[in-house]
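Residue numbers (the numbering used here), protein chains in the order written: chain L, 1067 to 1626; chain X, 1067 to 1626. Glycine is no exception: its CB is placed at the ideal position from the N, C-alpha and C atoms. All values derive from a computational prediction rather than experimental measurement. The structure appears right after this line, and notes come after that.
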C-alpha cells in the first residue's frame, strides 16, 4: 500500500519514526518537515559542544537531509514550518521560511513530533542578545558565537534541572564564572530528594559554581554598562551571559488549533498506539502526554529515550502492526563534573505529597570491590511499597551510577520487587563490582525493612528534632566518633556493644547509626533481639554529614 | 531457640551464612571451621595481588577472625580441618592442624561450604616448587614469594578460563613473558562462542601473551637446567614458573563419605533451601549442584555472587524462614587488559549441541553516544528462543560491558524476552549511553529477527563455504570496501542501491553486509520489499574481520 506520511519535526521521535517507516515500507511516500535548519541532531550533546567537550560541530549531526534522502528515500524539508492542519481535507499548510512561500501538502497520515519549547519567565528586560535558551543547533551556534566574540566572564544560569546543570558545568569548562539560580530548595527538585541532592550541591560548590537555592530571578537591569540580575534574596549579581533553563512546555499549538485533545501539562493526548483524537494523526516525543509506567496515571515525561522508542512504535502502528506502548518510568541521568546523578520513577517528596504508602532505603555501597583500586561510594535511595514493588530510585556517585540505575530501572519496567533486586545475578569481578552488587545490597536492605528485620528512621526524623525523645547511639569506632558525630550521641563501638548493653535504656527508643548503615544494622539486630527498641538511621553518618554540610554552605551563601 | 550451628569453610558462602545467622539469631552458637589460615578473604582479588594491582596484602581480608568474634560473636577456628561427619550422633571429627590434635564437635545444624579444589592434570613431573595452582591466600603468598625470590622470566599458564586469563594478565603486569595454553579452540570455551572470543585472542596477543589454542600440555621435563613444557603441537617451551588453571572440582569428599547424595559434576545435591539429603546438613557455594535458572536442569555454577547469596539464604532456612532458591543463570565477567568479556546463560555452542531451537543476534553499538568523546564499540551476542525468551548473552568491549550484561541478566532472571530489552528505559545522557541504549538495540534486532523482518545468516555460513550459492553484497561506501572486504563480494553502497537494483539477481540468495549491520539491515529491508531473497550477515564486517585475523594469527602461532 502506498501511503503518504507527513512527519512534522525532524529530531528524535520524528527522525526515528521516519527511518522505521521506510524500513517497514519501501513504497510509502515519506515527507519530513522541520522548522529549524537541521534534523536528527544530537540534542543532548549541545551543552557539551558549548563546553568544547565535543570539539567538532559536525559530530552533532546523526543524520543529514542528504543521508535521509539517499539512504532512506525520505524527502526532508528543513526551514519549513507547518502553520495549520486541515483535518477534514487531510492537508496541512506549510510555510517555506526562507522564501516566505506558503503551500499545501496532503497526507494520508500525519505524525506530529514538534517537541517542547523552552519556557521564558516573564521578566522584563530578560531578552537581550546575551540571554539564551538552549533547544537546538541554532541556539547553540548563537551561544558559541557569543562566547567567542564577546568573551563573557560571568554567566547566569537560571534553573538547575538536567539542562541547567549541564550548561553550568560546560560554561565552567569554557572558563566562565557561573552562578546557578534555582527556585527550589535543591537541584533536580522533581527528580532527587533533599539528601540525594546534597552531595551534588557540595560538588557544584567545590567546582566553583555559585549555587543559589530557594532563590528566584526577580528582575534584570542594565547599570554602569553591565547587566545585573536581581535575586529574590536581595542580592544583585552581574552577568555577561544568561542561559534560561527553567523547563520546557509541549509545542501543542498546531494540535490545539486543529482541535486535537490535549492532556497533562497541555501535551497532546494519544492512545497506546500514539493516535491522537484524530485517528489519522499520530504524535510522539516531548509534545505528548504519556502513561506513567508506575502509577498508570497520565503524565509528562519529555526524554530522548522514550521519544525515540515512541517514534519507532508509531511507525509500526502506522504500518498496521499492533502496538501498545507500555508507558514511561522516566529513567534519567546527568553528569555533574566528576559525579553522576540518576533517577527513575517517583521521589519520596512526590510520594509524601500524594499520600501513597511507601518505604525507603538508603545505602552507600562501593562502586566495585573495595580491595581493588579506585572504588568510590555510591549513594542509592530506593522507594518501594510495603509489599516490595519498586516505586523509584535515585543514585549519586562517581562511578557505576548508570549501571546501578539501569539495573533497577530494568526491574521496575518489568514490575519487579525489591526481592528481585536481591536475587539478581550480576557480573562480578573485582574491577567491576562486588560479590554482592550494590543493587543486591539495596534489595536486601529494602527486604529487611519490609520484613521488619530492620526498623529504620530517616535523617529528617533525627536532624530536625527540637526535643528528641530518643537516644542516639553511634556504633562506630572511638576514632571515627571523635572525628565528627551527631550532637548528643552516645558512642559504643559495635565490638563492645554486647558487653555494654546495661548502659542502654530499655524503654527509650534507640536510634543507631554508623558510617553507612551496615555496622549499625548489626547493632540494631543485636539490640532488638536483646529486647531494646532500636531503629537504624537510614543512610548513616554519610547522609547526615552531607546534609549538614550542605545546609551550612547554603546558609553561608544566602548571607553573602 | 539456642541452636548450635557449625559451618565448614570460612570463605564466601560460609562467611556470608555465619554473618546472616548472627543477624537473625543473637542466641545461636555459631562455630566457623576453616582448614586454611584465613577466612572471608577476597578470593577474586588474589590474581590482582600477584600483579601488584592490589598493593596491600591486608586489603585482601574482608573479615578477620577477631572481627567476626567481636562484631558477630562467631567462634572462628582457622587451620582446623573437619575429617569426618558422624550424622547419627550429629557430630564431626576435627583436626587442629597446627597441633595435630583431633577432637569432636557436636552440631544441631551443619553447613558445608568447602568450595572447590583446583584440578591438577596428571602430567608426570608437573609438581615442582615452581608449579602452582591458585585457590587461596597461601597459594598467593607462595607465588608472590617465588616472583620476588626467584625472579622468573617466563611463565606458563595452563587453562584460559576466567582465572587463567586473570593470572596471565597479572603475570604480564609483574613483568613476565607469558605463554597461555588452552586445549579448546578459544579462551573461555564454555562461556564465549568463537566470534566473541576472537577479539579477546587478538587483544591478548597484542599485549604480548603467547596464546596457544587447541593445544594441550603433554609433558614437562627438566633439561639444561631449565623447565620445559612439551605441547601437543610438538612445540617445546621453557618456563620458570607454571600456573595450572584448568578448572576446579567440588570438594565433596566429606559429604560423600558421610553418604550424602551427590549430583552433577560430583557436587553436593541440595534442595531449594540448601538442605542436603540429610535435613540437618546444609550446603552452599562451589561445592553444590544448583538448578539452572534457564533450563531448570541440574548444573554446576561455581561463582562468588551465587555463593554469597546461597550462604545468606541457607542461614534464613536454618532460622526457619521459607527459602526457595531461584537457581543460577551464571552471570560472569573478566577483565582482559583493556577489554572486558561478560557472559550469562547458555552459549550458541551449547545450544547447538543440545539440539534446542534458538536464534542469535550480534550487534556492535557504541558504549555511549558517538558524538561524545571516548565511545568504544561493544560486541553483543544475544541468544533467544523463537518466541523471544532470552537464553544467553555475551558482551565484549572496552567500556560498559558490565552494565550491558547486567541489564540483560536482570531481564533474564525475571524470565523476560527480547521485546522487554527493547522496551527498557535506561539512563541516557551522552557521557553514559545513547538514546537507544545498546541493550535496546540488541532487543530491537532480536525482535526483527523473530518477526521475520530481518532474516540473518551467521559468519560461519559465509566464511567456510567452498562453493557458495549466494551473492555477497557489500553495501558500505566505496572507500570502506576498498580498505578490505570479503572475497568475491559485490560493492553497491546503500545510497546507490535503489538505482542499481537491476544489477542484482532475483533468484540467487543475496547476503548483505556492512561494517556493523545497520546499513545492511536497511539494504536487506529494501531488497526484500523489492522481491529479492536477501539476508543480513549478523555482526557484519567487524565480526568477520576479527575471526579472519584471529585465524591468521592462530595459524601463524601454530607454525612457529
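Looking only at DSSP bridge pairs, what is residue i linked to?
i	result
residue 1151 of chain L	L/1158
residue 1073 of chain L	L/1098, L/1177
residue 1447 of chain L	L/1428, L/1460
residue 1473 of chain L	Its beta-bridge partners do not exist; DSSP assigns none.
residue 1294 of chain L	L/1287, L/1304
residue 1416 of chain L	None, per the DSSP bridge assignment.
residue 1127 of chain X	X/1107
residue 1093 of chain X	Per DSSP, none; premise fails for residue 1093 of chain X.
residue 1575 of chain X	X/1536, X/1599
residue 1565 of chain X	BP columns for residue 1565 of chain X are empty, so no partner.
Count the other CB atoms within 10 Å of the CB of residue i; is the residue buried (16 or more) or exposed (fewer)?
i	result
residue 1169 of chain L	exposed
residue 1553 of chain X	exposed
residue 1319 of chain L	exposed
residue 1149 of chain X	exposed
residue 1388 of chain X	exposed
residue 1164 of chain L	exposed
residue 1625 of chain L	Here residue 1625 of chain L scores only 48 on pLDDT, less than 50, and its place in the model should not be relied on; the value that follows carries that caveat. With fewer than 16 Cβ atoms within 10 Å of its Cβ, residue 1625 of chain L is classed as exposed.
residue 1514 of chain X	buried
residue 1495 of chain X	buried
List, in chain order, every chain L residue whose beta-carbon is nearer than 7 Å to that of residue i.
i	result
residue 1482 of chain X	1480
residue 1136 of chain X	1561
residue 1499 of chain X	1468
residue 1471 of chain X	1493
Give the residues of chain L in contact with residue i, contact being defined as C-beta atoms less than 9 Å apart.
i	result
residue 1579 of chain X	Correct list: empty, because the minimum Cβ distance to chain L is about 16 Å.
residue 1353 of chain X	By Cβ distance, chain L contributes nothing, its closest Cβ being about 17 Å from residue 1353 of chain X, past 9 Å.
residue 1225 of chain X	Within chain L, no residue comes near residue 1225 of chain X; the closest Cβ sits about 17 Å away, beyond 9 Å.
Are residue i and residue j touching if we call contact CB-CB under 7 Å?
i	j	result
residue 1330 of chain L	residue 1366 of chain L	yes
residue 1221 of chain X	residue 1200 of chain X	no
residue 1180 of chain X	residue 1317 of chain X	yes
residue 1393 of chain X	residue 1471 of chain X	no
residue 1478 of chain L	residue 1395 of chain L	yes
residue 1246 of chain L	residue 1402 of chain L	no
residue 1078 of chain X	residue 1314 of chain X	no
residue 1468 of chain L	residue 1493 of chain X	yes
Judging by CA-CA distance, which residue of the options is the nearest neighbour of residue i?
i	options	result
residue 1429 of chain L	L/1512, L/1383, L/1354	L/1512
residue 1503 of chain X	X/1514, X/1487, X/1516	X/1487
residue 1588 of chain L	L/1442, L/1609, L/1519, L/1619	L/1519
residue 1334 of chain L	L/1353, L/1302, L/1522, L/1347	L/1353
residue 1116 of chain L	L/1202, L/1075, L/1143, L/1093	L/1202
residue 1240 of chain L	L/1594, L/1213, L/1264, L/1198	L/1213
residue 1541 of chain L	L/1410, L/1474, L/1343, L/1601	L/1601
residue 1559 of chain X	L/1138, L/1175, L/1072	L/1138
residue 1606 of chain X	X/1256, X/1595, X/1550, X/1344	X/1550
residue 1278 of chain L	L/1570, L/1564, L/1253	L/1253
residue 1195 of chain L	L/1114, L/1250, L/1305, L/1225	L/1305
Residue i touches chain X at which residues, Cβ-Cβ below 7 Å?
i	result
residue 1569 of chain L	Residues of chain X passing the Cβ test: none, with the nearest at roughly 17 Å.
residue 1502 of chain L	1374
residue 1491 of chain L	1371, 1372, 1394, 1395, 1397, 1475, 1479
Since residue i meets chain L, which of its residues come closer than 8 Å, beta carbon to beta carbon?
i	result
residue 1092 of chain X	1591, 1592, 1595, 1596
residue 1078 of chain X	1501
residue 1231 of chain X	Neighbours of residue 1231 of chain X on chain L: none; closest Cβ ~10 Å, over 8 Å.
Kindly list, in the order they appear in chain X, the residues whose Cβ is closer than 8 Å to that of residue i.
i	result
residue 1110 of chain L	1435, 1494, 1495, 1496, 1501
residue 1125 of chain L	1436, 1437
residue 1386 of chain L	Per Cβ cutoff of 8 Å: no residues; residue 1386 of chain L is ~13 Å from chain X at best.
residue 1518 of chain L	The premise fails here: residue 1518 of chain L is roughly 12 Å from chain X at the closest Cβ pair, so nothing lies under 8 Å.
residue 1139 of chain L	1564
What does residue i reach in chain X if we use C-beta pairs closer than 9 Å?
i	result
residue 1390 of chain L	The premise fails here: residue 1390 of chain L is roughly 10 Å from chain X at the closest Cβ pair, so nothing lies under 9 Å.
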